[in-house]
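A.B. asks: Residue numbers (my numbering), protein chains in the order written: chain A, 1 to 263; chain X, 1001 to 1255. Backbone N, C-alpha and C fix where the C-beta goes; we use that ideal spot for every residue, glycine too. No experiment lies behind these values; they were computed from the predicted model shown. I have a structure I would like to understand better, so I am pasting it below and will then ask my questions one at a time.
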Amino acid sequence: MIINQEQIRELAAQGKRLDGRELQEYRSPIKVDLNISWTAEGSSQVQIGETVVMAGVKLSLEKPYNDTPDEGGIMINSELTPLSSSEYESGPPGIKSIELARVIDRGIREAKAIDMKKLCITPGEKAWFVTVDIITINDAGNLFDTAGIAVLAALKTAHYPVVNSETGAINYKEKTDQSLPLTKEPVSVTVYKVNGKFLVDPTIQEEKSADARLTIASDKKGTISAIQKGGDAPLSLEETDAMIQIALEKATYLRKELNKFVN
Amino acid sequence: MSQVLINERDIVIPGQVLAEGLDYLPGENTYRKDDKIFANVLGITSLPGRVVKVTPLSGPYTPKVGDKIIGQVGDILMSGWRIGTGTAYTAVLNVKDASSRFIKSGEDLSRILAIGDYAVVKITKVTSQNLIDLTMREPGLRRINGGRIMKINSHKVPRVIGKKASMINLIKDNTGCDITVGQNGLVWLRGSAEGEILAEKAIKLIEQKSHEEGLTDKMEKFLHENKGNIVVDKKFRREEGEESQSEESFSEEDQ
C-alpha cells in the first residue's frame, strides 16, 4: 500500500484532493528565478509548491550533422539528484530521468521552438548547439511541468557568448545582447487520471496513486507539439480529448504565471 | 561551588557547558566530564530539580518500551510480520501478539496484515541490539484502514498531544477527526475530507510553533477561525471508554 493511496482515490472520485486543492488547481507559489548561474548562457530556477527545478543553457560551436548541414541542434539532459528525493541515487540516469529529459526535449524540438537554421553560421562547418541541463532540487511531485517551465525560462534568458572574429574562439565570460531565435514557447502540462477524474500538479503521493498520465506540450496558439502517455491504465478517445482540453487551459495559466517573471 | 550556567528553555548546542560542580545531575541527552555537565544534542534545556535535561529539537526516533507507534508492514515472516518503525531498526510482530483470537497454523497471515499495511502497535521489548518486539493485543491497537497518515518530527509528539492530551482533544473536538499519534511521529487522521485537511494543517502548525508558549490558546484561535462549515460528526470518533483509556499513556508532560 502506498501511503494515503486509498484516501486519494476515494477523494478524487468525489472531486476532492488530499490537500484541499481543486482537482485542476496548481500549487502556489509559482516562482521563477532567472540567471541563477553566471557560467551558463541562460538559467532559471522554478518552484511550484515545494517542487524546485533548475535549468541551465550552454551554447557551443560544433560541426552540424551531415543530414542537416544548415542547422544547429538542441540537446536536453536531466539529472534527478539524490538531494531532491530519497528515491533517487547518483550514477547513470534511470528511466524516470531519461523520460523527463525526452518529454521536455520533444516538446521544444517538435514545436520547432528554436529556429535551427538561424543557429547555423557556416553550413556544413559551424553551427550553434544548445545544451540544456535540468537539475532537480526538490521533488515534491509534478517534475514534468516544473522542468518544462524551467527550460523555457532558461532558453528565454539565454544570450550568445562573444566569439572572437579572428580566432573563432568563444569567450564565455562575456555575453552579447543577442538572444536565442525562439519562435514559439511550448509549455507542457501533465494531466493525471486518478479513479476516473483528471487532475493537474500532483503531489508525490498523488503521482503514485494515479492510473495514467498524459503530458501535452502546446504553444501560445494552442498548437500541440508533443504528447507523452505514462502509467498502466489505458485512456479512451474521449478521455484523451478531455485531458487535452484541460492541458490547453492550464498551459495558458502557466504561461501567464511565467510571463510575470520573463517577458 | 556548583552553579548552573543555563536558564530553563534555553537553546543549547552539543558540547555546551550546562552546569559546573557535582550538585547537579546529568539527565537525558547530557553527559558529565570531570565536574562539568555538557549537552549532547542541539535542543532546549529543562531543569526539573537538580537534574539538567536537554530535549532535542530534531533527530531520529529512539524506540522505547511502552510507546504506541504506527508502523508499516515490510514483510511476512514464518510466524509474524516485520514492521518498519521509521527508524533504522525494524520490529517484529509475532502472530501470538497480533490478535486476541486464536490464529491457526497455516492461516494466511496477509489477511490479518498485508505487506504495505499500516498498523497501530505498541513496543513491548527493545533489546540492547535494538531488536524490537511489538504487540497489537491491546485496546486501540489495530490495522489502519481509511483516513490518512502524515509524518511529523517525533520530538514534537508530546506537544501535539499536549498536557493530559489537551491539545489533541482540542483538534479532535474542532475537526471531528479521530486522531492517533504514534510516538515515532506518524499520525493517523480519519474524519471528513475537510476535517482531515484542517487537522493536518493544525498539527503542522503545532510542529512549527512547538517552542512557543501558550500554544493551546493559539491553536484554539486557529481552529475557530478556520473551522468554517466543518460539521463535527461524532461518527468517526471512537466509542468513549473503549479506547480513550489508552490515550492516557500517551500524554506526556508538556515541555
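Output the boundary residues of the alpha helix (DSSP H) element that contains Phe1102 of chain X.
C.D. replies: Here residue 1102 of chain X refers to the residue found at position 102 when the second sequence is read from its first residue. Phe1102 of chain X -> no alpha helix (DSSP H), and no H or E assigned at all.
A.B. asks: May I have the straight-line CA-CA distance separating Gly1049 of chain X from Gly1021 of chain X, to the nearest angstrom?
C.D. replies: Within the second sequence, numbered from 1, the residue matching residue 1049 of chain X stands at position 49. Within the second sequence, numbered from 1, the residue matching residue 1021 of chain X stands at position 21. Roughly 15 angstroms between the two C-alpha positions.
A.B. asks: Does DSSP put Gln1255 of chain X in a helix, a strand or coil?
C.D. replies: Within the second sequence, the letter at position 255 stands for residue 1255 of chain X. Any reading at Gln1255 of chain X must be qualified, since the residue scores a pLDDT of 37, below 50, and its modelled position is unreliable; no value is offered.
A.B. asks: Where does Arg27 of chain A land, buried or exposed, given buried means 16+ other C-beta within 10 angstroms?
C.D. replies: Working through the first sequence from its first residue, we reach residue 27 of chain A at position 27. With a 10 Å radius around the Cβ and a threshold of 16 neighbouring Cβ atoms, Arg27 of chain A comes out buried.
A.B. asks: Quick check: the segment 1220-1231 of chain X against the segment 1029-1049 of chain X, are there 3 or more CB pairs under 8 angstroms?
C.D. replies: In short, these stretches do not touch, since the Cβ pair count stays below three.
A.B. asks: Grouping DSSP H, G and I as helix and E and B as strand, with all else coil, what is Pro1158 of chain X?
C.D. replies: Locating residue 1158 of chain X in the second sequence gives position 158, counting from the first residue. Reduced to three states, the DSSP call for Pro1158 of chain X is helix.
A.B. asks: When Cβ atoms are compared, which residues of the segment 1197-1211 of chain X fall closer than 7 angstroms to chain A?
C.D. replies: Ile1197
A.B. asks: Under 7 angstroms Cβ to Cβ from Ser1110 of chain X, same chain only, skipping five residues before and after it: list those, please.
C.D. replies: Within the second sequence, the letter at position 110 stands for residue 1110 of chain X. Result list for Ser1110 of chain X: Ile1076, in chain order.
A.B. asks: Select from the segment 1146-1178 of chain X all residues with a C-beta closer than 8 angstroms to any C-beta belonging to chain A, and list them in chain order.
C.D. replies: Gly1146, Gly1147, Arg1148, Ile1149
A.B. asks: Bridge partners for Arg1111 of chain X per DSSP, in chain order?
C.D. replies: Against the second sequence, residue 1111 of chain X aligns to sequence position 111. Partner(s): none; Arg1111 of chain X has no beta bridge.
A.B. asks: Is there a Cβ from chain A that is less than 9 angstroms from the Cβ of Ala1193 of chain X?
C.D. replies: For the purposes of this step, residue 1193 of chain X is identified with residue 193 of the second sequence, where counting begins at 1. With 9 angstroms as the cut-off, Ala1193 of chain X counts as an interface residue toward chain A.
A.B. asks: Can you find the residues in the same chain that come closer than 7 angstroms, C-beta to C-beta, to Val194 of chain A, ignoring five residues on each side of it along the sequence?
C.D. replies: Here residue 194 of chain A is taken as the residue at index 194 of the first sequence, counted from 1. Around Val194 of chain A: Ile8, Arg9, Ala12, Glu206, Ser209, Ala210, Asp211.
A.B. asks: Just to make sure I have the definition right: I need the residues of chain X whose C-beta is within less than 8 angstroms of the C-beta of Lys16 of chain A. Which are they?
C.D. replies: Locating residue 16 of chain A in the first sequence gives position 16, where the first residue counts as 1. Residues of chain X passing the Cβ test: Ala1193.
A.B. asks: How many angstroms separate the CA atom of Ile1013 of chain X from the CA atom of Asp1217 of chain X?
C.D. replies: The count along the second sequence starts at 1 and reaches residue 1013 of chain X at position 13. The count along the second sequence starts at 1 and reaches residue 1217 of chain X at position 217. Between the C-alpha atoms of Ile1013 of chain X and Asp1217 of chain X there is a straight-line separation of about 30 angstroms.
A.B. asks: Measuring only between beta-carbons, confirm whether Ile3 of chain A sits less than 9 angstroms from chain X.
C.D. replies: In the first sequence, residue 3 of chain A corresponds to position 3, counting from 1. It does; some Cβ of chain X falls within 9 angstroms.
A.B. asks: Over the uninterrupted beta strand (DSSP E) stretch that includes Met1165 of chain X, give me the two end residues.
C.D. replies: Mapped onto the second sequence, residue 1165 of chain X falls at position 165. It should be pointed out that residue 1165 of chain X corresponds to Ala in this sequence rather than to Met. That residue, Ala1165 of chain X, is in no beta strand (DSSP E); it is neither H nor E in DSSP.
A.B. asks: Can you tell me whether Leu1189 of chain X is helix, strand or coil according to DSSP?
C.D. replies: Sequence index remark: in the second sequence, residue 1189 of chain X carries index 189 (1-based). Reduced to three states, the DSSP call for Leu1189 of chain X is strand.
A.B. asks: Select from X:Ile1115, X:Ile1171, X:Ala1193 the residue whose C-alpha is nearest the C-alpha of Lys1221 of chain X.
C.D. replies: Residue numbering aside, residue 1221 of chain X sits at position 221 when the second sequence is read from its first letter. Taking only the C-alpha atoms, the option nearest Lys1221 of chain X is X:Ile1171.
A.B. asks: Look at the alpha carbon of Val1120 of chain X and the alpha carbon of Ser1154 of chain X, and state the distance between them as a whole number of angstroms.
C.D. replies: Residue 1120 of chain X sits at position 120 when you count from the first residue of the second sequence. Residue 1154 of chain X sits at position 154 when you count from the first residue of the second sequence. Approximately 15 angstroms, taken between the alpha carbons.
A.B. asks: For Gly1186 of chain X versus Ile1044 of chain X, is the C-beta distance shorter than 9 angstroms?
C.D. replies: Taking the first residue of the second sequence as 1, we reach residue 1186 of chain X at position 186. Taking the first residue of the second sequence as 1, we reach residue 1044 of chain X at position 44. Per the sequence shown, residue 1186 of chain X should be read as Leu rather than Gly. Result no, Cβ atoms of Leu1186 of chain X and Ile1044 of chain X do not sit closer than 9 angstroms.
A.B. asks: Enumerated in chain order, which unbroken segments of the alpha helix (DSSP H) with a length of 4 residues or greater are wholly contained in the segment 199-228 of chain A?
C.D. replies: 204-209
A.B. asks: Which residues of the segment 17-31 of chain A have a Cβ closer than 8 angstroms to any Cβ of chain X? Give them in chain order.
C.D. replies: Leu18, Asp19, Gly20
A.B. asks: Tell me Thr51 of chain A's beta-bridge partners as DSSP assigns them.
C.D. replies: On the first sequence, position 51 is the one that residue 51 of chain A refers to. Beta-bridge pairing links Thr51 of chain A to A:Ile48.
A.B. asks: Decide if Thr223 of chain A is buried, meaning its Cβ has at least 16 other Cβ atoms within 10 Å, or exposed.
C.D. replies: The count along the first sequence starts at 1 and reaches residue 223 of chain A at position 223. Under this definition Thr223 of chain A is an exposed residue.
A.B. asks: Across the segment 54-74 of chain A and the segment 158-177 of chain A, are there enough close Cβ pairs to call them in contact, namely three or more that are closer than 8 angstroms?
C.D. replies: Yes: at least three Cβ pairs fall under 8 angstroms.
A.B. asks: If you measure from the beta carbon of Gln228 of chain A to each beta carbon in chain X, is any gap under 9 angstroms?
C.D. replies: What you label residue 228 of chain A is simply residue 228 of the first sequence in a count that begins at 1. No, because no Cβ of chain X sits closer than 9 angstroms to the Cβ of Gln228 of chain A.
A.B. asks: At 3 residues or longer, and completely inside the segment 34-117 of chain A: list those beta strand (DSSP E) runs for me, N to C.
C.D. replies: As far as the segment 34-117 of chain A is concerned, its whole beta strand (DSSP E) runs of at least 3 residues are 42-48, 51-62, 73-79.
A.B. asks: Glu185 of chain A versus chain X: which residues are under 9 angstroms apart at the beta carbon?
C.D. replies: Reading the first sequence from its first residue, position 185 is the one you call residue 185 of chain A. Chain X residues near Glu185 of chain A: none, gap ~35 angstroms exceeds 9 angstroms.
A.B. asks: Quick check for students: name the residue ranges of the alpha helix (DSSP H) that lie wholly in the segment 106-189 of chain A, counting only runs of 4 or more.
C.D. replies: 116-119, 143-157
A.B. asks: Assign Ile3 of chain A to one of three DSSP states: helix, strand, or coil.
C.D. replies: Counted from its first residue, the first sequence places residue 3 of chain A at position 3. Residue state, collapsed to three classes: coil.
A.B. asks: Just how far apart, CA to CA, sit Met75 of chain A and Ile95 of chain A?
C.D. replies: Reading the first sequence from its first residue, position 75 is the one you call residue 75 of chain A. Reading the first sequence from its first residue, position 95 is the one you call residue 95 of chain A. About 17 angstroms.
A.B. asks: Quick one: give me the first and last residue of the beta strand (DSSP E) that Glu25 of chain A is part of.
C.D. replies: The count along the first sequence starts at 1 and reaches residue 25 of chain A at position 25. Looking at the DSSP string, Glu25 of chain A is not in any beta strand (DSSP E), and its letter there is neither H nor E.
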